[in-house]
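Student:
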Amino acid sequence: MLLPERPVALVLMSTEACHLCEQAQALLLPLQGQLSEDLYLDDIADSDDLLNRYGVRIPVLLHEASGAELDWPFDAAALRRWLQQQGCLAPSLSSESL
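With positions in the sequence shown counted from 1, the corresponding number in the working numbering is that position plus 2.
1) Using the Cα positions of leucine 22 and leucine 53, report the straight-line distance between them to the nearest angstrom.
2) Count the other C-beta atoms from every protein chain shown that fall within 10 angstroms of the C-beta of serine 68, then say buried if there are 16 or more, exposed otherwise.
3) Per DSSP, which residues does aspartate 48 bridge with? Please list them.
4) To which residues of the same chain is methionine 15 closer than 7 Å at the C-beta, ignoring the five residues directly before and after it?
Structure, rendered in structure tokens:
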């Protein structure tokens, strides 16, 4: 259950001992300073509803404002594109566009 006092955010649906979730976290960490929204980790094991919805899909990145979800597998480039599409990451010049 989402807490009402928590601002709208990006939420990585995850659980303990999930190596894919750890890989997703590793992709997100370098981008944290560039995100326009807070990033939270939500352990699906704490909620039957989340477990039913995400149990076989984790890791999943949820943009709460739009309801958009990015399902695993994704790489750094796909993550960056998705975050830009959601308006959560400022566009920047990349070495590919130079």
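We put the CB at the ideal spot given by N, CA and C, even for glycine.
Tutor: Per the coordinate set shown:
1) Taking the straight line joining both Cα atoms gives about 16 Å.
2) By the neighbour-count criterion, in which a residue is buried when 16 or more other Cβ atoms sit within 10 angstroms of its Cβ, serine 68 is exposed.
3) Listed as beta-bridge partners of aspartate 48 by DSSP are no residues whatsoever.
4) Asp44, Ile46, Leu52, Tyr56, Ile60, Pro61, Val62 and Leu64
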